[in-house]
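**Student:**
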Amino acid sequence: MAGILGRAKDVLVTEGLRSLAKRTAGKVARSLSGQDGAQDAGGLSEPCQVLFINGCDAPAPKRYRVEHQVEQLKLWNISVSEVHYAAGLHETDVDRAQVVVVYRCPITPVVEGAIKRARSQGKTVFFDTDDLVIDTAYTDMLPLLDDLSPEERDIFNDGVQRTGETLALCDKAITTTAALREQLLKYVPQVHINRNVASLEMLELSDKAYQARTQRPEDGLVRIGYFSGSATHGEDLESVADALAQVLDTCPQARLVLGGSVSTPAALQTCEDRIERFDFVEWRKLPELIATVDINIAPLTKTLFNAAKSELKWMEAALVGVPTVASRWGAFQEMVQDGTTGLLCDQPEEWADALTRLVNDSAYRNTIAVQARRYCRACCTTAGSGFALVEALGLADRSLDNVLCPNEMWRNALVADFLGRGGFTRPEAALPPDAWKTEPLDARLLRLQEALEGSGKTALLVYERDCGDDNSFRYLGYNVAKHLERSSRWSAVYFFLEELDALSEHLAQADVVVLVRMRMRPDVFRFALDVKAAGVPLAYAIDDNALGQAMAPSVLSAMNVAEGDDFATGFWRGTCQRFEDAATLCDCFISTSGYLAQVLNNRYGKPAFTIHNSLNEAQVQLCQQLTLGRTTPETGRFYVGYFSGTMSHAQDFDLLKQPLYDFLDRNAGARLVLAGRFMLDDYLLGAFQCGKVKLLPFVDYLTLQGLQACCNVVLAPLVVDEFTNCKSALKVFEAGLMGTPSCASPTFCNNEAIQTGETGFLCETPQQWYDALQQLHDNPQQCAEMGAAAQQAALDRYFYGMPGEIECAFDGAAAVSLTLDTYERLVQTVADGALASVDWDDPF
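For the sequence shown, our numbering begins at 2 and goes up steadily by one.
1. Can you pull the DSSP bridge partners for T893?
2. Which stretch, first to last residue, makes up the alpha helix (DSSP H) that contains I116?
3. Which residues in the same chain as P407 place their Cβ atom closer than 8 Å to its Cβ, once the five residues preceding and following it in sequence are excluded?
4. What span of residues does the beta strand (DSSP E) with A353 cover, start to end?
5. Rounded to whole angstroms, what is the Cα-Cα separation between T757 and V641?
6. Use the C-beta contact count for G565: other C-beta atoms within 10 angstroms, 16 or more gives buried, fewer gives exposed.
7. At what residue ranges does the region 280–358 contain a whole run of the alpha helix (DSSP H), taking only runs of 4 or more?
8. Where in the region 140–218 do unbroken runs of the alpha helix (DSSP H), each at least 4 residues long, occur, reported from the N-terminal end onward?
9. For the pair the region 265–276 and the region 188–201, tell me if three or more CB-CB distances fall below 8 Å.
10. Does the separation of the CB atoms of A319 and R374 fall below 8 Å?
11. Is the number of C-beta pairs between the region 53–69 and the region 360–372 that are closer than 8 Å three or more?
12. Do C346 and D545 count as a contact pair if the criterion is CB distance below 8 Å?
13. On a Cα-Cα basis, can you pick out the residue from A563, F127, T304 and D362 that is closest to G221?
14. So V111 and L52 are supposed to be a Cβ contact under 8 Å. How far apart are they, rounded?
15. Return the chain-ordered list of same chain residues with a C-beta closer than 6 Å to the C-beta of L657, the five sequence neighbours on each side being excluded.
16. Buried or exposed, going by whether 16 or more other CB atoms sit within 10 Å of the CB of A169?
17. Cα separation between Y227 and T130?
18. Between G575, G707 and S262, which lies nearest to Q626 when the distance is taken from Cα to Cα?
19. Where does T760 land, buried or exposed, given buried means 16+ other C-beta within 10 angstroms?
20. Within the same chain, show all residues whose beta-carbon is closer than 7 Å to that of A353, passing over the 5 residues directly before and after it, in chain order.
21. Does DSSP classify D512 as helix, strand or coil?
22. Quick check: what's the CA-CA separation for L673 versus V562?
23. Would you mind listing the beta strand (DSSP E) stretches within the region 613–672 that are 3+ residues and don't spill past its ends, in chain order?
24. Quick check on DSSP: helix, strand or coil for E277?
25. If you reduce the DSSP assignment to three classes, tell me which class M552 lands in.
26. Quick check: the Cα distance between V29 and Y104, rounded to an integer number of angstroms?
27. Measuring CB to CB, does S200 end up less than 8 Å from H85?
28. Between which residues of its own chain and A42 is the CB-CB distance below 6 Å, once the five residues before and five after are set aside?
29. If we ignore side chains and look at the alpha-carbon of each, how far apart do D833 and P523 end up?
30. List the whole-angstrom C-beta distance separating F749 from S594, where the pair is believed to meet the contact cut-off of C-beta under 8 Å.
31. State the beta-bridge partners of F388 as determined by DSSP.
32. Is the distance from the Cβ of N197 to the Cβ of S311 below 8 Å?
33. Any chance the region 201–220 sits against the region 376–390, with 3 or more Cβ pairs inside 8 Å?
34. Nearest CA to the CA of L675: which residue from V621, A688, Q599 and V525?
35. Roughly how many angstroms separate the alpha carbons of L238 and N55, rounded to a whole number?
36. May I have the straight-line CA-CA distance separating H507 from A584, to the nearest angstrom?
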């Protein structure tokens, strides 16, 4: 029976529905009696998260609705098992699964028992279908049933009714189109759409066909292709036959290509000499065949059954770079952006006009094809769309990291594709993103010796490597040392916690030692005492207002730590206290903003100096490489970038969420680029699934520069308070380096970094956020000029100006030294408190 149902709308060329119904009648009887079901000794041997019970033997539906959905789940690291409803299913199979998906199964005793057993265990059972083969009220409208005998029709209707009985037993449904969803909601309370998409194998075959197509020599002909697959689509082709005849008559270069088993409509019989034919081919050969045409057509007559059909014909053509003209009906109307990723038509004259334009305008054909291919490669493959199924089954949250396919090759391809849209290739940076991890200790000791023997002063920068704050060290340690390579007055060399013993003989020669965001530890305590015994000033460098347990709530709030998360709460309370304990041993502070410097000075009564977060040489070199190697960027798009390094920015994003969504809705060419770590709401997830939002994975900071360069504007919202006012403007100046202006909240450092209206915009109210985006969108020249000004400002202040700023800060730190009595009291305070009863192996 499953074979009959699977072919209800897609009869195999080699087998008619009548003979198929006769052949499967015996199987129906055996299934109902239980003779063709699983045996008592059957069942799954391994547990799985999802069990698919397949009820369809037809190759194409089974491939799309079982094999491709299984691939989607496996790409998201979901364990899956599959069993045929009439050849292996055992009721106890559901015991080993968390979720059950039943695909188009007619009811049998075993199917009914398995579903009821799963539901009795509190497990959700989903019914999946890609056709209205659930009620004879739908299938009675199929013209092909008119060719069946009464006996054959009874068999067919029995299968449909029994499939409807299976649906009635399930909790929810999964389907392919909005029209199907609307009908299924009459039977179950919740229906999820997971569209038919291409597998990774299909994508690979399509890419090969596309490459062959681009190398194909021109012969002056323009081929219009219709690939039916079966003889059941004659009525669809007939609906556009007059338009096709008109195009063939008025465009001598046009040819019609018919693939599969479809008869020539009467209106086209006079054009037989301009019609090329291909026999039905198996699916692996289809991309190669579609790639031989220049235009694909996908007509549909306006029936409810056709409204439920998927958009496969458009997707298959798009993946090989062929534009499609389709009926403005059903899934085509849902998925095809008319005039952008395809053309939609109703009346014969619309079809004739659309086809004539495509035949005569190769540039227009290419534009539509490129846009459709980009969209389908991003959104219409198992790797590009699988989260919809994962979420429907309740197996993941909506964090950006979960929404994107975990496959590393796929993620890299997403990044490369977006860079390509901006006209960039991914260059090799002159320095690796974490260059400090590769320089050996001997090399740094040699540089230290050279610095100490020189005429300038020397700073030692010490950091607890691999403690999770690499970004902090890059700005406060590595970048500082690199900037001073351009100074004649100061040098700096960085070292790590495990290397402290190697510094002992050099301490007395240093002019200042800096602890970079260090937590108190016994070895840090001993090192601080050694530094002071050597008579050298000791500074504490920090880039956040995070000293002491009193600041832990602000850190937890900024980190968006959930209430009741004892692990994170304990960690940050302990870390903040250990920051303060280490800072207590120091003579002064170095911070990344003047605001934070003042906060620390007021709170602890110690001098505080400022070294802004800055750009390093690798970033500047990368900017130059990207600029020199840039090709023509994508046109017609306005990309708004929001780059989040942690999950902590939800409240910040809320500041501009509504005006941003309004801006995206009102501007057809606007796109939001979200990269890094983020939680998606309903709007963002829906916009991602329709291509309005581009999601990219977390990347290293050098690759991030390329992503920023591809955007027209970068967003930097922050809830302004004492904690966030201490943060740097790195989002602003790193985007500015790439010639991209920012819209940012007016924090202390953003006020320093942005000249509003010249290098970017400072925004507080929702209206200001919206107006800034709209102004940049509507004035491309102003946007470009603002980007150029932002680039120059970033270079001047955060690269070329940094050596002088660092020299001033180190001059101040080197001149500060607490009196011996004061220092001894501080040491005793720390020793009594931080060291007396702490288990240093406990991170809390």
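From the three backbone atoms N, C-alpha and C, an ideal C-beta is built for every residue, glycine too.
**Tutor:** Judging by the given coordinates:
1. Look at the range of the chain in this structure, 2 to 845, and you will see that residue 893 is not part of it.
2. P110 to S121
3. L76, W77 and N78
4. From DSSP, A353 is part of no beta strand (DSSP E) but of the alpha helix (DSSP H) over P349 to N361.
5. 18 Å
6. exposed
7. Entirely contained in the region 280–358, the alpha helix (DSSP H) runs reaching 4 residues are, in chain order, 287–291, 305–308, 313–320 and 331–336.
8. 151–170, 179–185 and 201–215
9. no
10. yes
11. Note that the region 53–69 does not touch the region 360–372; fewer than 3 beta-carbon pairs, one per stretch, sit closer than 8 Å.
12. Not a contact, by the Cβ cut-off of 8 Å.
13. D362
14. That pair is no contact at about 13 Å.
15. P718 and W770
16. exposed
17. Computed Cα separation, rounded: 26 Å.
18. Per the Cα distances, G707.
19. Buried is the call here.
20. Within its own chain, the residues whose Cβ lies closer than 7 Å to the Cβ of A353, once the five positions on either side in sequence are excluded, are A244, Q247 and V248, listed in chain order.
21. Residue state, collapsed to three classes: coil.
22. Pairing L673 with V562, the inter-Cα distance amounts to about 26 Å.
23. 639–645
24. strand
25. helix
26. Note that V29 scores a pLDDT of 46, beneath 50, so its modelled location is shaky; the value from the coordinates is reported in the next line. One C-alpha to the other measures close to 17 Å.
27. no
28. Its pLDDT being 43, under 50, A42 is placed unreliably by the model, and the measurement read from it follows with that caveat. Around A42: no qualifying Cβ.
29. 13 Å
30. 6 Å
31. F388 is not bridged to any residue.
32. Against a cut-off of 8 Å, the Cβ pair of S311 and N197 comes out as a contact.
33. Inter-segment contact for the region 201–220 and the region 376–390 is present: three or more beta-carbon pairs are separated by less than 8 Å.
34. Ranking V621, A688, Q599 and V525 by Cα distance to L675 puts A688 first.
35. 32 Å
36. 22 Å
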